[in-house]
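The structure appears below as structure tokens.
Protein chains: 2
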Amino acid sequence: MKYSIGVDMGGTNTDIGLVSENGNIVQRRNMPTSAYTELDPYVRDMMHLVDEMVKEQEMLDGEAINLEGIGIGAPNGNYYTGCVDNAPNLTIKGVLDFGKEIRKYRMVPVVLSNDANAAAYGEYVYGGARGMKHFIMFTLGTGVGSGIVVDGKLVHGSTGAAGELGHNILIPHGRKCSCGREGCLETYTSARGIVQTYCELKGCEVTPEITSMMIGNLAHEGDPTALRTWEIVGDQLGLAMANSVTFSAPEAIFLMGGPTKVGEPLLKPLRAAFDKYLLNIYAGTCSIRMSELHANEVAILGAAALLKMKE
Amino acid sequence: MKYSIGVDMGGTNTDIGLVSENGNIVQRRNMPTSAYTELDPYVRDMMHLVDEMVKEQEMLDGEAINLEGIGIGAPNGNYYTGCVDNAPNLTIKGVLDFGKEIRKYRMVPVVLSNDANAAAYGEYVYGGARGMKHFIMFTLGTGVGSGIVVDGKLVHGSTGAAGELGHNILIPHGRKCSCGREGCLETYTSARGIVQTYCELKGCEVTPEITSMMIGNLAHEGDPTALRTWEIVGDQLGLAMANSVTFSAPEAIFLMGGPTKVGEPLLKPLRAAFDKYLLNIYAGTCSIRMSELHANEVAILGAAALLKMKE
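This is the structure in structure tokens:
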């Protein structure tokens, strides 16, 4: 049987899964990313877990498995170089050459990209975007990420860093962004941006207790400030999505991530705004859809899916 | 010898050229588009001119020529269908199936796209974008068009209508656009948008006498209102270009069209704004460049270049 490894490298934790050809995660392991400051021991321990999963699955299958390769979704992951480039939220610093390090343990293909690109490709290989040639994925979380598929291929661009729509400037001279500029989409529709909008409306201080999940719960209880927050966020995200259509005329835009779990309080104003801001020649050609992958599987599946990419 | 035909179909005139393999327009003809209300006689007369050019070139070459095909750049030209779809600025109405009509006269490949896409592909095959895999072309004129090349291929999207960055909403709830929405890039950086900005600064009415060319000349004479106009336009276009980089991380953004002829009064603030608005991870990876094709050749060369497109 053929399997692949998907690695979701986050700042705090690393999730590793053994994925079957039809997209089931048959084995799973976890390790603490933030416990490491060097790539060498991190990869050594990761490959130990990979060996464990492979052995366990071989016992279950009763035969040696065929490991297609290792796909990694990581912050600042660069598809072309196979390296993680100076990710600010990792404790392992510098340019990390995963391919070189991994192949000390196992001679397999290693493919790496950033987490939003991996999520988009996971949707394409295992989720709701199967069979689509043109779509865009927006991931809402601490930040806002995106992955863009054109003609059935992830857009990596000339540097490998294409698809950063979270840093599209939505409102010129708008909110200050962590990137140093102003008005980025991320400052409005990330979890943090949503909290900021709520607090501005409420006239209160931003505190760690106020989360986008809390604002989601309040909206479902009918809280008018919370409902208004999601209306504003939906309008802003709808505008950003309508703008992205002028680029690649996708047949769908997918949405995933924590804040999207609120559902209709976000989706209703989002769809209305998307229709309002969409250039008329695209009317009816592009739908907004939720990711069809499970939230706790998408990162591993997406990372594993990177191995299916065709040049 | 191998040649191709490039057809630049404008609302008023149609320019037709016979193009050699190395990108020289060796024969040229012109016919008045607006004199026609039906596709049938328009194509008949066009093919008559094609025959003329082919015969003349065969006399010069002393041998039969190999005609690769006919490429057409046209408003609302759809690459997938090969049709012009209800272009508002054409006197020939409806959905125009050029391929079918042309092949009544000559059995050759016919490829069609919109004019900005053709310009981008012309730059790729014959101009400054040769060898580039990722770039974007912005065309400033009556409107603002764009053509996007990703992985060496024009982005057509799911409908054939990708690459309409002139209708990216730059300033939410900004200027009213002819498309019915507000704040599109085109309302600020088209010839008309530039005139509007100048008149707003000057506090005068928009009249047909005030043109972007006039405002260009005034800028070169040191007129402060004209100089300020170009600064504003450069800032707006620089923002739009920086935003487009977050999509496809191109190695260059090309610029062409009437208003760009002003040169430094536009280009200096444009480059400054682009640097200011560019996400730091792209710093130094993308340059702004003027089209290297002659203004009166780009449309024909671009149309002919469409025949070089690989699936």
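In order, the protein sequence lines correspond to chains E and B.
Going letter by letter, the first sequence gives residues -1 to 309 in the working numbering.
Going letter by letter, the second sequence gives residues -1 to 309 in the working numbering.
The beta-carbon is built from N, C-alpha and C at its ideal position, and this holds for glycine as well.
Segment limits, beta strand (DSSP E) that includes residue i
i               : result
A250 of chain B : 250 to 254
R26 of chain E  : 23 to 30
N11 of chain E  : 11 to 18
V82 of chain E  : 81 to 83
R287 of chain E : 285 to 288
M7 of chain E   : 0 to 7
G69 of chain B  : 64 to 71
S144 of chain E : 142 to 148
T137 of chain E : 133 to 138
Distance CB(residue i)-CB(residue j) smaller than 7 Å
i               : j               : result
I298 of chain E : D6 of chain E   : yes
I70 of chain E  : A301 of chain E : yes
C175 of chain E : T185 of chain E : yes
V153 of chain B : S246 of chain E : yes
L265 of chain E : L235 of chain E : no
G9 of chain B   : L94 of chain B  : no
L304 of chain E : A116 of chain E : yes
G352 of chain E : I169 of chain E : Here chain E comprises residues numbered -1 to 309, so residue 352 of chain E is not present and cannot be evaluated.
V148 of chain E : V148 of chain B : yes
Y1 of chain E   : L65 of chain E  : yes
E290 of chain B : G126 of chain B : yes
F272 of chain E : A238 of chain E : no
P37 of chain B  : I90 of chain B  : The question names Pro, but residue 37 of chain B in the sequence shown is Leu. Their beta carbons are under 7 Å apart, which means L37 of chain B touches I90 of chain B by this criterion.
L47 of chain B  : R27 of chain B  : yes
Where the alpha helix (DSSP H) containing residue i begins and where it ends
i               : result
C197 of chain B : 189 to 200
V52 of chain B  : 37 to 59
I298 of chain B : 296 to 303
L88 of chain E  : Segment: none, L88 of chain E is in no alpha helix (DSSP H) and carries neither H nor E.
E262 of chain E : 262 to 275
N241 of chain E : 222 to 246
I100 of chain E : 96 to 100
E121 of chain E : 113 to 124
M307 of chain B : First-last for M307 of chain B: undefined, no H or E at that position.
S210 of chain E : 210 to 218
Per-residue burial, residue i [other beta carbons within 10 Å of its own, 16 or more giving buried]
i               : result
S144 of chain B : buried
G164 of chain B : buried
A62 of chain B  : exposed
N166 of chain B : buried
E219 of chain E : exposed
G15 of chain E  : buried
P248 of chain B : buried
T12 of chain E  : buried
D59 of chain E  : exposed
E229 of chain E : buried
C202 of chain B : exposed
E121 of chain E : buried
P206 of chain E : exposed
G80 of chain B  : buried
Proximal residues of chain E, C-beta to C-beta of residue i below 7 Å
i               : result
C177 of chain B : L277, N278
V153 of chain B : V148, S246
S156 of chain B : K131, H132, A247, P248, E249, T283
Neighbour list for residue i in chain E, Cβ cutoff strictly below 9 Å
i               : result
I169 of chain B : I169, P170
A160 of chain B : H132, V148, V243, T244, F245, S246, A247, P248
L199 of chain B : In chain order: nothing, as chain E lies at least about 18 Å away.
Contacts of residue i in chain E (Cβ-Cβ under 8 Å)
i               : result
L237 of chain B : I167, P170
L163 of chain B : T244, F245
The ligand COA heavy atom lying under 6 Å from the CB of residue i
i              : result
F96 of chain B : In terms of ligand content, the structure shown is empty, and the ligand COA therefore cannot be addressed.
Beta carbon proximity, residue i to chain A, threshold 7 Å
i               : result
E198 of chain B : Reference to chain A is not applicable here, since the protein chains of this structure are E and B.
inquiry  = Using 8 Å as the cut-off, can you tell me whether the region 124 to 143 of chain E makes contact with the region 241 to 257 of chain E, which would need three or more C-beta pairs spanning the two stretches below that distance?
reply    = yes
ask   = Is there contact between the region 105 to 123 of chain E and the region 53 to 61 of chain E, where contact requires at least three CB pairs shorter than 8 Å?
value = no
ask   = Counting Cβ pairs, one atom from each stretch, are 3 or more of them under 8 Å apart for the region 262 to 279 of chain E and the region 187 to 203 of chain B?
value = no
key: contact_flag[the region 157 to 164 of chain E, the region 69 to 78 of chain E] where n(CB pairs < 8 Å) is 3 or more   = yes
request  = Mind the definition here: the region 224 to 234 of chain B touches the region 208 to 216 of chain B only if three or more C-beta pairs lie below 8 Å; say whether that holds.
outcome  = yes
message = Pairs of beta-carbons, one from the region 34 to 41 of chain E and one from the region 82 to 99 of chain E, closer than 8 Å: are there three or more?
response = Because the criterion of three Cβ pairs below 8 Å is met, the region 34 to 41 of chain E and the region 82 to 99 of chain E touch.
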